[in-house]
Every structure is written in structure tokens, then in C-alpha cells.
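Presented below is the structure to which this report refers.
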Amino acid sequence: MHDSQAPAADILVNTSDAADDFGVAESPSGVMRAAELADDVDSEDADAEPEGALALEAAPLPAAPEPQLLPDCMHGVIGLSESLVEVYRVIDRVADTTCTILVTGESGTGKELVARAVHRASPRAPKAFVAVNCGAIPEALLESELFGHARGAFTGAHANKIGRIAMAEGGTLFLDEIGEMPMSLQVKLLRVLQAREYSPVGDNRTLKADVRIVAATNVNLENAVQAGTFREDLYYRLNVIHLNVPALRERPEDVPLLMQHFLKKAKEKVGRTKIGGVSRAAAQILADYQWPGNVRELENTIERAVLLCQGDLIEPKDLPQRLCGLGVEKRMSPRLPDAGLDLRNAVESFENQLIRQALERTKWNKKQAATLLGLNRTTLVEMLKRKRINPRAA
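Numbers in this note's numbering are just positions in the sequence shown, counted from 1, shifted up by 20.
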């Protein structure tokens, strides 16, 4: 990972007002430049010239960046936001070590992808990456799954069983939802971390554990320690290196990159390769949404849209109803900067954004846009002239 000489890549991103101005984002292996697609619309009145509106909408998303153009340490983790770049930097620094890593973040943020990135960037990459969801396996079975068991260890144990630790020998063991691990097993995991040894269930032998452990959780383990549901000594053993995967709403600049990546993936998966991209109106909705389900929700949304799309571009009608109309709500909850602000300018900017959004959503049909804004067409036209808002300026 350190020696990667990946060249800088020009990534064209079809963005909207809420997700523009990427500038230059640094990655550990170089600089990737994101450029906004330019609009070339000559029509002054989309009501009279529908072709102009179509030209505004028809800019397709570019293909996702080729893997060789991305930093090696990304390994499937898509994003150029500073918060993710910092994750890449830490992975780059600790990949060659055997230290335990704790990955935190909300559900759906991509914690397992980060764990896999650690594995692939490490000398253990040729060996197995074994994942265990501690919250999905019943407590009675989890011990056997992790440590294995000897024949006759319990009713139904008709043969020896190799545990996940043994399967990950020389590689990486990923313990997802570590906060759900029962206290009775936490002490046995602590032994693995401290002494690098363990015993299968019903077996007196002591086996060596040559594995790197990466654990993940979407709960606050410090609170769990205070509540007495998680061992404090285990927490400190796991939290040698802490990687926090930010929620998607905290890195909106990554939405266009993820959008193009999932679009390419979904088109290939369902055989809808003729879909050229996402319309500006749909892209605006995707940019405005808060994504409580994070990256996983965005991926599912794009796949659904590809399945429902009947044209060359994904349109707002192809998106789930819950996404539509939430951009206004998001903007209606502004935060006052510590240094204060100019209220008149802030209100003017807010008004301009809503007008542009209404026009783009209606393909610059002024009558329909005015209806969305609760105005009559004449008032909207006067506002557009005063504010000098036109398709080219948008």
C-alpha cells in the first residue's frame, strides 16, 4: 500500500447546488481532482424551449473511477472527504503491524469494508479474512463458532469442529457487532488478545492464535463499560487503534462518487446497461437526503431506481417517496455560526436555493415551479429577472 504510485485521476462528477465545489481532495497515494459537469443550455425560457431543459437534464454520470486510479488502501471504500482520507492515512500507517483495531460507526457506514481494507493492505493479505457477526449468532453457538469444539463436547457434537479463529490462521478475524458479545465469551476473547492462545470447547489442548483481530461496533462501548455489559479490560485491548467511519450525512461530498459507483454496479447486476446516468433533479434529491441508513441505504436506493427506470436517466419518480421533498426540511434547520452571519444575505441565499431546486425539479417549467413554491408565474418570472437566475447561471 505504501508503494502505490497511482496517478492522479480526473473524476467528473454530476453534482447539484447542494454538492458542488469539490475542489481538490487529497488521498494518501496522490491527489484526485473532481470537476463538476458544465451545463450548456442556451434556452432562456424552458416553457417555450423544452429542448433546453432536456439538455440541462441529460448530462450523464461518468463511469466510476477505475480501481487502478484509486489509492490502494481504499480497497472498495469510496470517498474523498477529509474524514475518510484520514481513515486511509491511519490504515496506511498501521497495516504492517499486528495491533488490534476497533472500527466504529453507524449501521451501514461500511465498517466491514474498512476492516477488509486493513487486511488487504497488510502482509496478512494472502491469508484468510474471516468475518463473524457476534450479534447474529445465538449465545449458545457463538463460543463453538469462534473457538471450535471437540467431538462429544455437547449434545449434537458428533465430530470435531474448526472454529473461526483457526480458519483465520495467519490472516484477519473480523468481529462485527462486538458489543453484542456475551460477557462469558468476552473473557475468553481477552485471553486470545493477551496470550494469543485459546482452547476449543470440550478440548483440554491449548492452541496458538496467529490472527489479527479487527472488531467493529455501532454502539458506544464506553457507555457499555459503564453499564456493566462490556468488560473494561477487553475494551482497552480492542481499542489500540480506533477508526471511526463517518455517517454519510457528515460527508455529503462523497454522495456523487458513491452514486456513480453504485449506478455502474447496479446496471451490470440487473442488465440495464443503457441507463446513462442520473438526472439533475434526481441527483439533487439524493444530495439533499440525510441517509439515516448510510451507504447501504444509498446502494439499495440506486439499485431500486435502476430496476424501475424506464428511460435513459434515473428520474425523481424512480426514487422512493421518502426521499422526495426532504431537501427543504434539511435547509429549514440551519445552524448559526459562532461568528454570526448577515441575516439578509442568508435569507437571500436560502430563497435562491429553493427557487433553483424548484426549477430544476420541473425542468425549468416556470408555471410548475411557481406552483411548487406557492407563487404565481408572473411573480416567479419577476424574481428570476431580479435575481438573474437562468438555466445557464444554474
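Glycine included, every Cβ here is placed at the ideal spot set by N, Cα and C.
Rounded C-alpha distance that separates residue i from residue j
i	j	result
L32	S103	Here L32 scores only 29 on pLDDT, less than 50, and its place in the model should not be relied on; the value that follows carries that caveat. Roughly 21 Å between the two C-alpha positions.
K405	E106	45 Å
D41	V114	For D41, the pLDDT reaches just 29, beneath the cut-off of 50, and the residue's location in the model is therefore unreliable, leaving the point undetermined.
K131	C329	30 Å
L400	I334	28 Å
K228	I157	24 Å
K208	V152	16 Å
G128	D338	22 Å
R364	L195	52 Å
V134	D230	21 Å
L161	G248	23 Å
E317	R342	12 Å
M403	N320	39 Å
D112	P146	17 Å
L395	N385	13 Å
P220	C119	24 Å
E163	A366	58 Å
P411	D362	27 Å
R171	G291	48 Å
R211	F167	12 Å
T175	V265	42 Å
A215	A177	27 Å
For residue i, the nearest candidate out of the options (CA to CA)
i	options	result
G125	L263, A378 and K289	L263
R226	E273, A235, H169 and V265	In the sequence as presented, Arg is not what sits at residue 226; that position holds Thr. Answer by Cα proximity: H169.
I409	L339, S369 and T391	S369
R257	M279, T118 and L213	L213
R376	G248, L393 and L361	L393
A179	D223, A389, R364 and P158	D223
E273	V290, N238, Q246 and V315	V315
E165	S204, I182 and T175	I182
S101	V275, N320, P220 and D362	V275
L327	L210, Q206 and K289	K289
E197	G96, N238 and A215	N238
E159	A177, L205, R171 and G176	L205
G96	G291, T118 and L277	L277
Close beta carbons around residue i, own chain, < 7 Å, minus the five adjacent residues each side
i	result
A244	G199 and F250
I322	M279, F282, L283 and A286
L241	G199, F250 and Y255
A325	I334, D338 and L339
D116	S142 and P143
C154	L162, L195, D196, E197, I198, E200 and M201
Residues of its chain near residue i, where Cβ-Cβ distance is below 6 Å and the 5 sequence neighbours each way are ignored
i	result
V150	R184, M187, A188 and L193
N259	L122
T293	K287
K387	R397
M203	none
E252	V245
Close Cβ partners of residue i (< 8 Å) along its chain, the five nearest in sequence each way excluded
i	result
P336	S299, A301, A302, I305, C344 and R381
A148	M187, A188, E189, G190, G191 and T192
A389	I375, A378, L379, R381, T382 and L400
V110	I261 and L263
N372	K407 and I409
In DSSP terms, what residue i is bridged to
i	result
F149	T192
L227	Y218
V123	A236 and L263
I305	I305 pairs with nothing; no bridge assigned.
E181	Checking the sequence shown, residue 181 turns out to be Lys, not Glu. Answer by DSSP bridge pairing, in chain order: H169.
I334	V298
task: Mind the definition here: the segment 131 to 140 touches the segment 231 to 239 only if three or more C-beta pairs lie below 8 Å; say whether that holds.
output: The segment 131 to 140 makes contact with the segment 231 to 239; the number of CB pairs closer than 8 Å reaches 3 or more.
message: With three or more beta-carbon pairs closer than 8 Å as the criterion, would you say the segment 305 to 314 touches the segment 267 to 275?
response: Yes, the segment 305 to 314 touches the segment 267 to 275.
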